[in-house]
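Peer 1: Have a look at this one.
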Amino acid sequence: MSETNKKWYSLNLNRSKKSESCGCGSNSGGCNSDKPKDGFDQIMDISMSRRTAFTKITAGLLIGAGAVSSSCSIIGSDESKEKSAMEWEEYFKGNYKLMTDEEKDKSINRLVRSYELNHGKKINISSKNAEENVLFGYAFNISKCQGYMDCVNACVEENNQDRTSEMQYIRIHEMKDGKGFNFEEADDNYYHEVPADGHFYMGTQCFHCDNPPCVEVCPVQATWKEKDGIVVIDYDWCIGCRYCMAACPYDGRRFNWKTPEVPEEEVNKNQHYLGNRLRKKGVMEKCTFCIQRSREGKNPACVEACPTGSRTFGNLLDPNSTIRWILDNKKVFRLKEDLGTEPKFWYYMD
Amino acid sequence: MKTLKVFGSLIKDAFLEVTHGSRAYHIWMGVLTLIMLFGMYNYSIQLEQGLSATGMTDRVSWGLYISNFTFLVGVAAAAVMLVLPAYVLKNIDFKQAVLIGEGLAVSALLMCLAFVVADMGGPARLWHMIPGIGVFNFPNSMLAWDVIVLNGYLFINITIPLYILIMRYQGKTPNPKIYIPGVFLSVFWAVAIHMVTAFLYQGLQARPFWNNALLGPRFLASAFAAGPALIIIVLAIIRKFTAFKIADETIKKISMIVTVAAQINLIMLISELFKEFYAPTHHSISAVYLFFGLEGKTALLPWIWTSISLNVMATIALTFHKIRNNLNILYVLCGMLFIAIWIEKGFGLIVPGFIPGPWGKISEYTPSFVEISVTLGIWAMGAFIFTILAKTGIAVEMGQLVYKKK
Ligand code: SF4
Ligand code: SF4
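In the order they appear, the protein sequences are chains A and B. To convert a position in the first sequence, counted from 1, into our numbering, add 2. To convert a position in the second sequence, counted from 1, into our numbering, add 1.
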């Protein structure tokens, strides 16, 4: 996308090459598009077949050593055999963004099946890709927010976050009137009736930067920007080094320090591979603009839950969308713009 | 084929050598083994519970492990800088120090790798990093660079001393044409592992405390003080407990390196403090936290002030030849410097990078018992490996271990 028809104002940091590809979101190699493969993809293709060999060799070795006893023991039930066979294949599967559609389906079938074996319930995991001509953006009306935190709760329920450690993607900062946007003095952990006198509220979460530093630093490309601008994480590929967490200037990422727990009856069974499917310990996660909802044309859970209408979500490339109207007509700003991260999350006031 | 046979015999002899020793030696190795086992037990707890067994949180997401990793990269790099004068400038004095230095580099590197693995949330998935079967984010991620340079450095530092030892073991003189290029390479590489590790932090615009052009050079300066300081201490111990001769001259020369590096380091520290406190900006807030505490949260204060006072005292004392040339005082000064830099490059560098958090939240970090135990275990592992390497190396050098042709 050229500078002239770019949908928002950005700082000139001499990043002309990068901002070229801003609109399509392909600069981080995140889109599994139909365009001809470049050298990089080809190398990765080779590596996929190499991995198959690696899997077989390792499996051979371990079976030889009797380590996968449960999968070949006579006593083990069919189910436990199936389970460990699936765990095995899951362990050696590749990075999602390099998988073919067939491999994605296979992996999803395994995940669904193993949930069924463990909990006796069916879940639905989608692998829907980004649509053409879609670039998601978000706007937040500071004048309207009253700090009810309905968004926070809706987010936790929608995205199957760990209940025991009270992980939350959204933080609502309670700021004192007359002090400006003073995050240092703000309280992001309040337990009192809102709106509190003399205060205003401001929410932060992952801003889905268009030039995301968290993506650059990941040593194994477990996190990337999709074509529709959503920054996602492959929970099964992440090795848990937390470098991305250190690189994020917006406190957007959360880590599973322990095995996350969600009571069975509260599990949201409508899932996306890159979104709210259940995580394991030792991996990174964060807001995905509710990818399981937004790619189906719905609003994220936080937008839907907000009783004041402070939150707006939409397609930046659609000239008739509300978000475009806000960007064109309101005095919008973004946080820490000087860092050149180009968040796709704008604030404005009435 | 023949080399293989020699190598096999060297391993066999080395095994005999390291399993025999004085009573003090056995106690030392026994204690180290116990600490290692204790660390392993605690690591198994961490594997079971996840990283919640450590003191790290979403707010301070790197802690003791990464601090030690950072510091040890410095030690590994600095140990090899002694190699250059010894092999290339034909400075006989350094010769014995060099083998010790390389052994130190190898053990420090293995400790580095152990600390990185201990810090991973999913160590079982580390194969995702192996080029060829995993996906390696090269050249974008500095961590990918770091993995390459650290492993490359490890490889170089194992092959060179191995070649020299094998030659000596057979009673031959090592051929300089073969090892000198390797030595040069390893010296450049030592600078590289340093800079890349500094860039790991320096490249993050999210953390103003690290995003500072002086970080890389300061890494070098402090490492060239801490690394050789450790070598001096180790040489002193070896001199005391073994028949290995190390001349006073050698130690005095190394102390020169320590002194100059410590002085440069101090100048850079002053420059940093000046920038942070003469015209403080919003970005100085982590430094304020580190040196003075914020909102009554002062966990790092005792650490950093201990570090600074030890650092200043040791550097000033080292500057005077009279004091420095008294070996017993020198050992104490080296110990002070080593501790000072361990605090400064570890805790004092990593933790304040996260405090206050991106939105100004100040939540402090205290390592947990499990974390401290694993850390101790890894240090014991390093000492264990180093003892084995040094003992073999010394025996070969002194001609006690010779290849017997059958
Ligand atoms: S807000 Fe943080 S986690 Fe989200 S895209 Fe930007 S840098 Fe990455
Ligand atoms: S924690 Fe996971 S997503 Fe983040 S940088 Fe490490 S491997 Fe990548």
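For glycine and all other residues, C-beta sits at the position ideal for the given N, C-alpha and C.
Please state whether DSSP places GLU49 of chain B in a helix, a strand or coil.
Peer 2: As a working mapping, residue 49 of chain B is identified with position 48 in the second sequence. Reduced to three states, the DSSP call for GLU49 of chain B is helix.
Peer 1: If you scan the segment 183-231 of chain A from start to end, which runs of the beta strand (DSSP E) of 3 or more residues do you find wholly inside it?
Peer 2: Whole beta strand (DSSP E) segments, 3+ residues: 201-206 and 225-227.
Peer 1: State yes or no: is the C-beta of TYR252 of chain A nearer than 7 Å to some heavy atom of ligand 1?
Peer 2: For the purposes of this step, residue 252 of chain A is taken as the residue at position 250 of the first sequence. TYR252 of chain A Cβ: within cutoff of ligand 1.
Peer 1: Among B:LEU328, B:ILE101, B:PRO140 and B:LEU52, whose alpha-carbon lies nearest the alpha-carbon of VAL197 of chain B?
Peer 2: Sequence index remark: in the second sequence, residue 197 of chain B carries index 196 (1-based). Closest by alpha carbon: B:PRO140.
Peer 1: Quick one: give me the first and last residue of the alpha helix (DSSP H) that PHE8 of chain B is part of.
Peer 2: Along the second sequence, one-based indexing puts residue 8 of chain B at 7. Looking at the DSSP string, the run of the alpha helix (DSSP H) that includes PHE8 of chain B is 3-20.
Peer 1: From this set, B:LYS6, B:ILE324, B:LEU17 and B:ARG60, which residue's C-alpha is nearest TRP259 of chain A's C-alpha?
Peer 2: Here residue 259 of chain A refers to the residue found at position 257 when the first sequence is read from its first residue. The residue with the shortest Cα to Cα distance from TRP259 of chain A is B:ARG60.
Peer 1: Beta-carbon of PHE347 of chain A versus every beta-carbon of chain B: anything under 8 Å?
Peer 2: Taking the first sequence and counting its residues from 1, the one referred to as residue 347 of chain A is at position 345. Answer no: the Cβ-Cβ gap between PHE347 of chain A and chain B never drops below 8 Å.
Peer 1: Return yes when the Cβ of ILE328 of chain A is within less than 8 Å of the Cβ of VAL334 of chain A, no when it is not.
Peer 2: Locating residue 334 of chain A in the first sequence gives position 332, counting from the first residue. Locating residue 328 of chain A in the first sequence gives position 326, counting from the first residue. Yes. Within cutoff.
Peer 1: Quick check on ASN141 of chain B - is its C-beta less than 8 Å from some C-beta in chain A?
Peer 2: On the second sequence, position 140 is the one that residue 141 of chain B refers to. Yes - at least one Cβ of chain A is within 8 Å of the one on ASN141 of chain B.
Peer 1: Going by C-alpha distance, which of B:LEU111, B:PRO209, B:ALA391 and B:ALA80 is nearest ALA191 of chain B?
Peer 2: The count along the second sequence starts at 1 and reaches residue 191 of chain B at position 190. Measuring from the Cα of ALA191 of chain B, the nearest candidate turns out to be B:ALA80.
Peer 1: What are the partner residues of ALA224 of chain B, as DSSP defines its beta bridges?
Peer 2: Position 223 of the second sequence holds residue 224 of chain B. Bridge partners of ALA224 of chain B: none, in fact.
Peer 1: Would you say the beta carbon of VAL233 of chain A comes nearer than 7 Å to a heavy atom of ligand 1?
Peer 2: Translated into positions along the first sequence, residue 233 of chain A becomes position 231. At least one heavy atom of ligand 1 is nearer than 7 Å to the Cβ of VAL233 of chain A, so yes.
Peer 1: For HIS175 of chain A, is the beta carbon positioned less than 7 Å from some heavy atom of ligand 1?
Peer 2: In the first sequence, the residue the question calls residue 175 of chain A occupies position 173. Outside the cutoff, so no.
Peer 1: Hey, is the segment 286-306 of chain A in contact with the segment 130-147 of chain A, meaning 3+ C-beta pairs nearer than 8 Å?
Peer 2: These segments touch.
Peer 1: Taking CYS240 of chain A as the reference, which of B:ILE258, B:ALA341, B:GLY122 and B:MET82 has the closest Cα?
Peer 2: On the first sequence, position 238 is the one that residue 240 of chain A refers to. Minimum Cα distance to CYS240 of chain A is reached at B:GLY122.
Peer 1: Name the residue from B:MET168, B:TYR279 and B:ASN69 whose alpha carbon lies nearest to the alpha carbon of PHE116 of chain B.
Peer 2: Looking up residue 116 of chain B in the second sequence gives position 115. Cα-wise, what sits closest to PHE116 of chain B is B:ASN69.
Peer 1: Mind checking if GLN206 of chain B is an interface residue toward chain A, Cβ cutoff 8 Å exclusive?
Peer 2: The count along the second sequence starts at 1 and reaches residue 206 of chain B at position 205. Answer yes: the Cβ-Cβ gap between GLN206 of chain B and chain A drops below 8 Å somewhere.
Peer 1: Could you give the distance in angstroms between the alpha-carbon of ILE167 of chain B and the alpha-carbon of LYS229 of chain A?
Peer 2: Locating residue 167 of chain B in the second sequence gives position 166, where the first residue counts as 1. Locating residue 229 of chain A in the first sequence gives position 227, where the first residue counts as 1. So the alpha carbons of these two residues sit roughly 57 Å apart.
Peer 1: Can you list the residues of chain B that LEU341 of chain A reaches, using a CB-CB cut of under 8 Å?
Peer 2: Locating residue 341 of chain A in the first sequence gives position 339, where the first residue counts as 1. Near LEU341 of chain A (Cβ distances below 8 Å), the residues of chain B are GLN206 and ALA207.
Peer 1: Would you say GLU186 of chain A lies against chain C (beta-carbon separation less than 8 Å)?
Peer 2: No chain C is part of this structure, whose protein chains are labelled A and B.
Peer 1: Applying the criterion that 16 or more other CB atoms from any shown protein chain within 10 Å of the CB defines a buried residue, is ARG208 of chain B buried or exposed?
Peer 2: Within the second sequence, numbered from 1, the residue matching residue 208 of chain B stands at position 207. With 16 or more Cβ atoms within 10 Å of its Cβ, ARG208 of chain B is classed as buried.
Peer 1: Is there contact here, the segment 46-54 of chain B with the segment 248-255 of chain A, by at least three beta-carbon pairs under 8 Å?
Peer 2: No, the segment 46-54 of chain B does not touch the segment 248-255 of chain A.
Peer 1: With a threshold of 16 other CB atoms inside 10 Å of the CB of TYR171 of chain A, please say whether the residue is buried or exposed.
Peer 2: In the first sequence, counting from the first residue as 1, residue 171 of chain A sits at position 169. Result: buried.
Peer 1: For PRO132 of chain B, tell me which candidate among B:ALA125, B:PRO124 and B:ALA145 has the shortest Cα-Cα distance.
Peer 2: Numbered from its first residue, the second sequence carries residue 132 of chain B at position 131. Nearest of B:ALA125, B:PRO124 and B:ALA145 to PRO132 of chain B, Cα basis: B:ALA145.
Peer 1: Less than 7 Å between the CB of PRO214 of chain A and some heavy atom of ligand 1, yes or no?
Peer 2: On the first sequence, position 212 is the one that residue 214 of chain A refers to. Checking every heavy atom of ligand 1 against the Cβ of PRO214 of chain A, one is found closer than 7 Å.
Peer 1: From this set, A:ALA87, A:ARG313 and A:VAL264, which residue's C-alpha is nearest GLU160 of chain A's C-alpha?
Peer 2: Within the first sequence, numbered from 1, the residue matching residue 160 of chain A stands at position 158. Among A:ALA87, A:ARG313 and A:VAL264, the Cα nearest to that of GLU160 of chain A belongs to A:VAL264.
Peer 1: Across which residues does DSSP place ILE127 of chain A in a beta bridge pair?
Peer 2: Mapped onto the first sequence, residue 127 of chain A falls at position 125. According to DSSP, which records beta bridges pairwise, ILE127 of chain A is partnered with A:GLN273.
Peer 1: Give, in chain order, every unbroken run of the alpha helix (DSSP H) that is at least 4 residues long and sits entirely within the segment 125-178 of chain B.
Peer 2: The qualifying runs are 143-170.
Peer 1: What distance in whole Å lies between the Cβ atoms of GLY64 of chain B and PRO357 of chain B, which are believed to be in contact at a cut-off of 8 Å?
Peer 2: For the purposes of this step, residue 357 of chain B is taken as residue 356 along the second sequence, with counting starting at 1. For the purposes of this step, residue 64 of chain B is taken as residue 63 along the second sequence, with counting starting at 1. The pair is not a contact, with the Cβ atoms about 16 Å apart (cut-off 8 Å).
Peer 1: Can you check DSSP and say which residues form a bridge with LEU234 of chain A?
Peer 2: Here residue 234 of chain A is taken as the residue at index 232 of the first sequence, counted from 1. Correcting the residue identity first, residue 234 of chain A is Val in this sequence and not Leu. Answer is A:TRP226, bridged to VAL234 of chain A.
Peer 1: Mind checking who ARG255 of chain A pairs with in its DSSP beta bridge?
Peer 2: Against the first sequence, residue 255 of chain A aligns to sequence position 253. Per DSSP, A:LYS288.
Peer 1: Can you give, in chain order, each stretch of the alpha helix (DSSP H) that sits fully within the segment 339-402 of chain B and has at least 4 residues?
Peer 2: Segments of the alpha helix (DSSP H) lying fully in the segment 339-402 of chain B: 348-354 and 370-398.
Peer 1: Do the CB positions of CYS335 of chain B and VAL261 of chain B come within less than 8 Å of each other?
Peer 2: Looking up residue 335 of chain B in the second sequence gives position 334. Looking up residue 261 of chain B in the second sequence gives position 260. No, Cβ-Cβ distance for CYS335 of chain B and VAL261 of chain B is not below 8 Å.
Peer 1: With 16 other CB atoms within 10 Å as the buried threshold, where does THR299 of chain B fall?
Peer 2: On the second sequence, position 298 is the one that residue 299 of chain B refers to. Answer is exposed; the Cβ neighbour count stays below 16.
Peer 1: Leaving out the 5 sequence neighbours to the left and right, which residues in its chain are closer than 8 Å to GLU187 of chain A when beta-carbon positions are compared?
Peer 2: On the first sequence, position 185 is the one that residue 187 of chain A refers to. Counting only Cβ-Cβ distances below 8 Å, and skipping sequence neighbours, we find MET177, LYS178 and LYS181.
Peer 1: Below 8 Å on the Cβ atoms is my contact criterion, and I expect LEU110 of chain B with ASN158 of chain B to pass it. Report the Cβ-Cβ distance as a whole number of Å.
Peer 2: As a first step, residue 110 of chain B must be located in the second sequence, where it is residue number 109. As a first step, residue 158 of chain B must be located in the second sequence, where it is residue number 157. Yes, LEU110 of chain B and ASN158 of chain B are in contact; Cβ-Cβ is about 7 Å, under 8 Å.
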